[in-house]
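Notes to accompany the following structure.
Numbering (this note's numbering), first residue to last: 9 to 247.
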């Protein structure tokens, strides 16, 4: 199978490394003689209108990793007979620890979809979703690494202010968060139950947890995630 990736940025490079044999084409490269079984668009949604029409009829299956670009929009640019898969990976795919949500149009065959899943499985975890849920997915897994990095940054800053080195603060904080998330996936307990397991009456953890609750920690996160989802919806309309 001949695979072409349009865009050699962070995500395009991560996908190329996972695939192995493929052609990576930058936006301004000469693509006139390109034909491929699969073309993966790893470019920003803002350039889709300019880039996609150049590849109309050059591939059998087209895959997008862009937020806010619907299958219908891609068909308008590539042709109604195009076989299209829409994905939403995240940054951790660059180290094989990503999460990718995937949906497809009604023309994509089971074998084509299986091949796409095989590729994205190499980048981490995958989940098939309905396209109507993709704006939620953008906020839930596409953008959320940034939320985690912000939490991590605050924790590191606290450690440094208390006298620990940056390296020690990073190691302790990042591994604590990473281990907790792994436990959430494996334990069978809800996040709320796990929080209670860490807390003890009149202990240290409950002091921090109560402060978070008093300041509507969960509400702030949910409102921020809604902002991300809304922006994805807006991009779909703008494109």
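Don't be surprised by glycine CBs; every beta carbon is placed ideally from N, CA and C.
Beta-ladder partner(s) of residue i, from DSSP
i	result
residue 197	Answer by DSSP bridge pairing: none, since residue 197 is not bridged.
residue 72	49, 94
residue 67	44
residue 134	108
residue 31	12
Beta-carbon gap between residue i and residue j smaller than 8 Å
i	j	result
residue 82	residue 67	no
residue 59	residue 103	no
residue 240	residue 76	yes
residue 49	residue 79	no
residue 230	residue 146	no
residue 202	residue 208	no
residue 86	residue 56	no
residue 53	residue 243	yes
residue 142	residue 96	yes
Backbone CA spacing between residue i and residue j [nearest angstrom]
i	j	result
residue 144	residue 28	31 Å
residue 133	residue 153	14 Å
residue 213	residue 94	42 Å
residue 51	residue 234	24 Å
residue 17	residue 210	49 Å
residue 246	residue 206	45 Å
residue 136	residue 69	17 Å
residue 227	residue 149	18 Å
residue 38	residue 105	33 Å
residue 26	residue 130	6 Å
residue 73	residue 35	15 Å
residue 158	residue 88	42 Å
residue 199	residue 107	19 Å
residue 122	residue 160	36 Å
residue 173	residue 186	20 Å
residue 291	residue 120	What is shown of the chain runs 9 to 247, which leaves residue 291 out entirely.
residue 204	residue 216	12 Å
residue 33	residue 40	11 Å
Beta-carbon contacts of residue i that lie in its chain and below 6 Å, excluding the five residues immediately before and after
i	result
residue 20	13, 50
residue 128	108, 134
residue 64	86, 87
Residues near residue i by beta carbon distance below 8 Å, same chain, minus five either side
i	result
residue 44	10, 11, 12, 31, 66, 67, 68
residue 92	69, 70, 71, 72, 79, 82, 83, 86, 112, 113, 115, 116
residue 100	106, 107, 132, 153
Sequence-distant residues of the same chain with beta carbon closer than 7 Å to residue i, five excluded per side
i	result
residue 125	110, 134
*Do three or more CB pairs link the segment 180 to 189 to the segment 153 to 171 at distances below 8 Å?*
yes
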